[in-house]
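Residue numbers (full-length UniProt numbering): 1 to 108. From the three backbone atoms N, C-alpha and C, an ideal C-beta is built for every residue, glycine too.
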Amino acid sequence: MENGKILDSQLSMSSYYNKDSRYGEKNGRLNKKDWPPGAQTDSADQSPWFKIDLLQIKYVSGVGIQGYHDGQSWTTSFMVSTSTDGSSWTMYQEIPGTNKVDKQQQIT
């Protein structure tokens, strides 16, 4: 996603910080240097999500995330789910019956 091969039109998210689209999905790429330095959902969003439509079935070998470069905002945990139709979703499970939750650590 960082290299731009996945188009902005393939990205969506549940909400924008302060309902301002400048914090939207197009900013959800790694190593973004300009402002705002990332996508950010609204703080009132109780079930935030970020969706990437790969347009066809693809093998995904990993997920990378990072916080804002100002060190004040970052994701503390996330889950990955997949869908082939955009309606029915399956949570990624490393151990059958247990949803995988990645908990990130702040690195200073």
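- Counting only runs of 3+ residues, the beta strand (DSSP E) found wholly inside the UniProt domain "F5/8 type C" (1–108) occupies 11–13, 50–52, in chain order.
- Its chain contains Tyr17, Tyr23, Ser73 as the residues whose beta carbon lies nearer than 7 Å to that of Gln40, once the 5 sequence neighbours on both sides are disregarded; these appear in chain order.
- Taking a C-beta distance under 8 Å as the contact criterion, Ile6 and Ile52 qualify as a contact pair.
- Lys26 sits away from Asp45, with the two beta carbons spaced by 8 Å or more.
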